[in-house]
Amino acid sequence: MYVESLEIDNFKSFGVKTKILFDQGFTVISGPNGSGKSNIGDAFLFVLGTRSSKTVRADRLGDLIHNGKTRRNSCSVSIKFSPSEKDQIKEKVEITRIIEGVNGDVKSTYYLNGNRVRHNDIEEFLQSIGLLLDSYGFVLQGDINRIIEMSGIERRKLLESIA
Amino acid sequence: MYVESLEIDNFKSFGVKTKILFDQGFTVISGPNGSGKSNIGDAFLFVLGTRSSKTVRADRLGDLIHNGKTRRNSCSVSIKFSPSEKDQIKEKVEITRIIEGVNGDVKSTYYLNGNRVRHNDIEEFLQSIGLLLDSYGFVLQGDINRIIEMSGIERRKLLESIA
Amino acid sequence: KKNELLTLFRKIRENMKVIYRALSGGGEVELLMSDESDPLNTEIHIRASPKGNAFTKLSALSGGEKSLTAMAFIMAVQNIKPSPFYYLDEVDMFLDGSNAERIGSMLKANSSYAQVMMISLKKALLKYADSLIGVTMVDGENTQVFQKKVGEADPF
Amino acid sequence: KKNELLTLFRKIRENMKVIYRALSGGGEVELLMSDESDPLNTEIHIRASPKGNAFTKLSALSGGEKSLTAMAFIMAVQNIKPSPFYYLDEVDMFLDGSNAERIGSMLKANSSYAQVMMISLKKALLKYADSLIGVTMVDGENTQVFQKKVGEADPF
Ligand SMILES: Nc1ncnc2c1ncn2[C@@H]1O[C@H](COP(=O)(O)OP(=O)(O)OP(=O)(O)O)[C@@H](O)[C@H]1O
Ligand SMILES: Nc1ncnc2c1ncn2[C@@H]1O[C@H](COP(=O)(O)OP(=O)(O)OP(=O)(O)O)[C@@H](O)[C@H]1O
Ligand SMILES: [Mg+2]
Ligand SMILES: [Mg+2]
Numbered sequence: 009m010y011v012e013s014l015e016i017d018n019f020k021s022f023g024v025k026t027k028i029l030f031d032q033g034f035t036v037i038s039g040p041n042g043s044g045k046s047n048i049g050d051a052f053l054f055v056l057g058t059r060s061s062k063t064v065r066a067d068r069l070g071d072l073i074h075n076g077k078t079r080r081n082s083c084s085v086s087i088k089f090s091p092s093e094k095d096q097i098k099e100k101v102e103i104t105r106i107i108e109g110v111n112g113d114v115k116s117t118y119y120l121n122g123n124r125v126r127h128n129d130i131e132e133f134l135q136s137i138g139l140l141l142d143s144y145g146f147v148l149q150g151d152i153n154r155i156i157e158m159s160g161i162e163r164r165k166l167l168e169s170i171a
Numbered sequence: 009m010y011v012e013s014l015e016i017d018n019f020k021s022f023g024v025k026t027k028i029l030f031d032q033g034f035t036v037i038s039g040p041n042g043s044g045k046s047n048i049g050d051a052f053l054f055v056l057g058t059r060s061s062k063t064v065r066a067d068r069l070g071d072l073i074h075n076g077k078t079r080r081n082s083c084s085v086s087i088k089f090s091p092s093e094k095d096q097i098k099e100k101v102e103i104t105r106i107i108e109g110v111n112g113d114v115k116s117t118y119y120l121n122g123n124r125v126r127h128n129d130i131e132e133f134l135q136s137i138g139l140l141l142d143s144y145g146f147v148l149q150g151d152i153n154r155i156i157e158m159s160g161i162e163r164r165k166l167l168e169s170i171a
Numbered sequence: 038k039k040n041e042l043l044t045l046f047r048k049i050r051e052n053m054k055v056i057y058r059a060l061s062g063g064g065e066v067e068l069l070m071s072d073e074s075d076p077l078n079t080e081i082h083i084r085a086s087p088k089g090n091a092f093t094k095l096s097a098l099s100g101g102e103k104s105l106t107a108m109a110f111i112m113a114v115q116n117i118k119p120s121p122f123y124y125l126d127e128v129d130m131f132l133d134g135s136n137a138e139r140i141g142s143m144l145k146a147n148s149s150y151a152q153v154m155m156i157s158l159k160k161a162l163l164k165y166a167d168s169l170i171g172v173t174m175v176d177g178e179n180t181q182v183f184q185k186k187v188g189e190a191d192p193f
Numbered sequence: 038k039k040n041e042l043l044t045l046f047r048k049i050r051e052n053m054k055v056i057y058r059a060l061s062g063g064g065e066v067e068l069l070m071s072d073e074s075d076p077l078n079t080e081i082h083i084r085a086s087p088k089g090n091a092f093t094k095l096s097a098l099s100g101g102e103k104s105l106t107a108m109a110f111i112m113a114v115q116n117i118k119p120s121p122f123y124y125l126d127e128v129d130m131f132l133d134g135s136n137a138e139r140i141g142s143m144l145k146a147n148s149s150y151a152q153v154m155m156i157s158l159k160k161a162l163l164k165y166a167d168s169l170i171g172v173t174m175v176d177g178e179n180t181q182v183f184q185k186k187v188g189e190a191d192p193f
C-alpha cells in the first residue's frame, strides 16, 4: 500500500483545511523555516495513532489544535492508503483521527473507512501492512543528532527495542 | 589587534605545514565534509591555551598530533596578531604552542614572541586584548544545538559563568 | 531474547557496511559490541574510516562524517524492517553538496520499492524527486501547500 | 554576585530583543527568569514570536526558528563581552536561504569593528565575505588550504 493523500484540518499550523496528494516514488518537501514542513510529519504520526504528545512536539495533545485568531476546540487528520500493484487487497483504506475538548481533557476518536474503531484496530491494520511507528520508518528532525550523541548503552537499548 | 596568520604544523589533519593568512573584516571558510575546517578552529583554541582536550575534540592532548603514514611525536601551532588602527601598541605579537611526547605523557610549551613563557602569561596577554576563550567569541560546531537543548537551570549557570 | 539481539546486530552490521560504502564513496564502517558474549549488557559502538585510512571513533569524526554514519545506521535498520513508506526530515542538514547528492540518489533508488518522502532545504536534492511539495506561510499563521509533479510548470 | 547576574541578564535581554528583531525580520523574543527575586536559583527560559503572533516556548518552535533564537542569544552575549575576533562554525546549518542571508549581512556589519571568521557550506554566505578560504583534502590524509581575496581570480 502507499499513501494517496493526507487531509489536515485545524491541526497545528494548518488553520485552513488542506489536502495533500502524494505519488508513489520519491517526494521532496521544501519551504522556508517555520512554514509547517515538520508539522506534516507530525500529522502523519498523529493519524497513525501515536500516543505520546512528545513525539509530535507538544506538551499536551490539546496543543495540537490550531491556535490562531479563531479558536475551535477540535482538529482532525485523515490519511488515505491506496493499493499498489503487488498488494493482494485491492481496496483503499482511510484512517481518521479526531481530538476534541478544550485545554484540559482531550478525547481521541479513530475511524477506519468511516467506522468508529479503537486504537488497537488501527495498530492491527498498520502491522498488517508492515508500517511500524517506532522503528526508523519515521526519521524526525534532529534524530540524526540524537543517534550521534547516544552512548554505547543507549544504542544497545535501541537495538533491543527494534529486535 | 587582529589575527594576521595561523601556522599549523603536524596538528590533526595538517600533516603538511600550512600557513593561513587572514584579513580584517569578514572571512568565510568553506569546503567538503571532513576536509579540516573545524580543525582550524581547534588550532585556534589550542594555540590560545585551552587546557581541556575535549574542547578540541580529542580524548588526550596526544591525539592532536597528526596521525598519518609517517608519525612524528610533536606538533605546533603559531598565531600572529597585528595591531589595527585603534591599538596603542604598534608591535606584532606571536604566540606558539608545541606539544611533544608519545601517547602517554605530553608536554606543552608556550612561546610569546620567541621567548619561552608559562600558560599564565598567555592568559594575561589575551585578557589585555579582550580575548576570552570561554565566552561566545568561539562558537563551535554544534553549540547552537547545545543552547537549544539546555534546561532553564543550565542556562542560568551559563550566565553565571559569563558574569 | 539474547539470540534475537545478536541476530539483529549482525544483520545491521552487514547492511551498514554496504550502505556506508555507497554513501561515503568507498569508506568503511564497523558496528562493534564491547562484549559479544553478553549481548544484553554490552555497549554498541560505531567506528568509521570515511577515506579508507585508520578507523576513527564516531565522536572524533567531523560533523558531516558523523551524520553520514548515522544515516547509514538508520538505512540499515530500515532495510531489515522494511516499511511501505519512509519519512525523513532534513537528514541532509550537516552534509556538503556531494554527500547530499549521494543520499538523494540512494533514496531515489529505494523509492522504486517503497514510497519515500523527504523534507530538505537543499536545492541539490530537488533534482532526484519524482514530485515536489512546496510549503509556505503567507499570513504568518496558516501553512499553505503547493504541489507539482516533476516535469510540470513550477508553482514555487 | 547576585547583582552581577541580574545586571548581565538584563543587558542580554535587551540586546537579544534588538538582534532577534533584525535576524527574524520583525519577530519578538523574551528572555525570562522563573524567579527574579532569587537570581542565583532561578531558571532562565526563552520564548519567541517569529512572525509577530503569540509567544511560543523555544521547544515548540521549528528547527530553523530555534536556531535563529539561539543565534540571537549568542550574538547578545558577544555584544556585551566584545572580543577582537569571532569564530563561528556552521551556525547557519538549520537555516533556509533568507535566514542565512540575514545572518550573513549581520556578521558583515559586525566585521567593521571586529574580525569575523565563519565556516559555512552555504553558497548564499559567500557573497557577504571580504575574503574566502577554501579547505580540501586531496590525498585523504592532509588538509590543503586555498586563499582568495574577494575580487581576485577564483582558486576553487
Ligand atoms: N497548535 C498550533 N497552532 C498554530 N501554530 C502552531 C501550532 N503548533 C505549532 N505551530 C507553529 O508551526 C510552526 C512550526 O512549523 P514546523 O516545525 O513544521 O516548521 P518547519 O517548516 O519544519 O521549519 P524548519 O525548516 O525550521 O524546520 C511554528 O512557527 C509553530 O509556532
Ligand atoms: N590527529 C589527527 N590526525 C589525522 N587526522 C585527524 C586527526 N584528528 C582528526 N583528524 C581528521 O580530521 C577530519 C575532520 O576534520 P574536521 O572536523 O575539521 O572536518 P570539517 O571540514 O569541519 O567537516 P564538516 O563539514 O563535516 O564539519 C576527520 O576526518 C578526522 O579523522
Ligand atoms: Mg522542520
Ligand atoms: Mg566541521
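Chains as they are written, first to last, in the working numbering: chain H, 9 to 171; chain S, 9 to 171; chain C, 38 to 193; chain Z, 38 to 193. No residue lacks a Cβ here, since even glycine has one placed at the ideal position from N, Cα and C.
Span of the alpha helix (DSSP H) around residue i
i: D50(S); result: 45-55
i: E70(C); result: Note that residue 70(C) is Met in the sequence shown, not Glu. Taken as a continuous stretch (DSSP letters only), M70(C) belongs to no alpha helix (DSSP H), being part of the beta strand (DSSP E) at 65-70.
i: L144(Z); result: 134-147
i: N78(C); result: Element bounds for N78(C): n/a, residue is neither H nor E.
i: F110(C); result: 100-117
i: I23(S); result: In the sequence as presented, Ile is not what sits at residue 23(S); that position holds Gly. Taken as a continuous stretch (DSSP letters only), G23(S) belongs to no alpha helix (DSSP H), as it is neither H nor E.
i: I161(S); result: 160-170
i: N205(Z); result: In this structure chain Z extends from 38 to 193, so residue 205(Z) is not present and cannot be described.
i: R154(H); result: 151-157
i: L163(C); result: 160-163
Start-to-end residues for the beta strand (DSSP E) that takes in residue i
i: H74(S); result: Counting along the chain, H74(S) falls outside any beta strand (DSSP E), and DSSP gives it neither H nor E.
i: I56(C); result: Element bounds for I56(C): not the beta strand (DSSP E) but the alpha helix (DSSP H), 39-60.
i: A85(Z); result: 81-86
i: L14(H); result: 10-17
i: N179(Z); result: Here N179(Z) belongs to no beta strand (DSSP E), and DSSP marks it neither H nor E.
i: D126(C); result: 122-126
i: V101(H); result: 101-108
Short Cβ contact (9 Å threshold) for residue i with residue j
i: L105(C); j: L125(C); result: no
i: R164(H); j: L42(C); result: yes
i: D167(C); j: F34(H); result: yes
i: V36(H); j: L163(C); result: yes
i: N75(S); j: E108(S); result: no
i: V11(S); j: K88(S); result: yes
i: E127(C); j: Y165(C); result: no
i: M53(C); j: A113(C); result: yes
i: F22(S); j: N47(S); result: yes
i: A136(C); j: I56(C); result: One detail in the question is off: residue 136(C) reads as Asn in this sequence, not Ala. Going by C-beta atoms, N136(C) is not nearer than 9 Å to I56(C).
i: I258(S); j: M9(S); result: The question about residue 258(S) has no answer, for chain S in this structure spans 9 to 171.
i: S71(C); j: G160(H); result: yes
Beta-carbon contacts of residue i that lie in its chain and below 8 Å, excluding the five residues immediately before and after
i: H127(S); result: G57, R59, S116, Y118
i: L69(Z); result: I81, H82, I83, R84
i: F54(H); result: F19, V64, L72, V85, R105
i: G89(C); result: G63, G64, E65
i: D129(H); result: Y118, L120
Which residues DSSP lists as bridging residue i, in chain order
i: M155(C); result: V36(H), L125(C)
i: F170(Z); result: The residue asked about is misnamed: residue 170(Z) is Ile in this sequence, not Phe. Answer is I37(S), Q184(Z), bridged to I170(Z).
i: N123(S); result: L120(S)
i: L29(S); result: S13(S)
i: S92(H); result: The partner list for S92(H) (beta bridge, DSSP) is empty, contrary to what the question assumes.
i: F146(S); result: Y124(Z)
i: V85(S); result: I16(S), R105(S)
i: K115(S); result: E108(S)
7 Å Cβ shell around residue i - same chain, five flanking residues per side excluded
i: R65(H); result: D50
i: M108(C); result: L60, V128, I140
i: V259(Z); result: Because chain Z is modelled from 38 through 193, residue 259(Z) falls outside the range shown and cannot be assessed.
i: K48(Z); result: I117
Close beta carbons around residue i, own chain, < 6 Å, minus the five adjacent residues each side
i: P87(C); result: S61, G64, E102
i: L169(C); result: K185
>> For the region 87-105 of chain Z against the region 108-122 of chain C, do three or more pairs of beta-carbon atoms, one drawn from each stretch, fall closer than 8 Å, so that the two count as touching?
In response: no
> Using 8 Å as the Cβ pair cut-off and three pairs as the minimum, do the region 153-164 of chain C and the region 38-45 of chain H touch?
Replying inline: yes
> For the 8 Å Cβ check, are there 3 or more pairs between the region 67-86 of chain C and the region 161-171 of chain H?
Replying inline: yes
> Are the region 144-162 of chain S and the region 179-189 of chain C touching by the rule of at least three beta carbon pairs closer than 8 Å?
Replying inline: no
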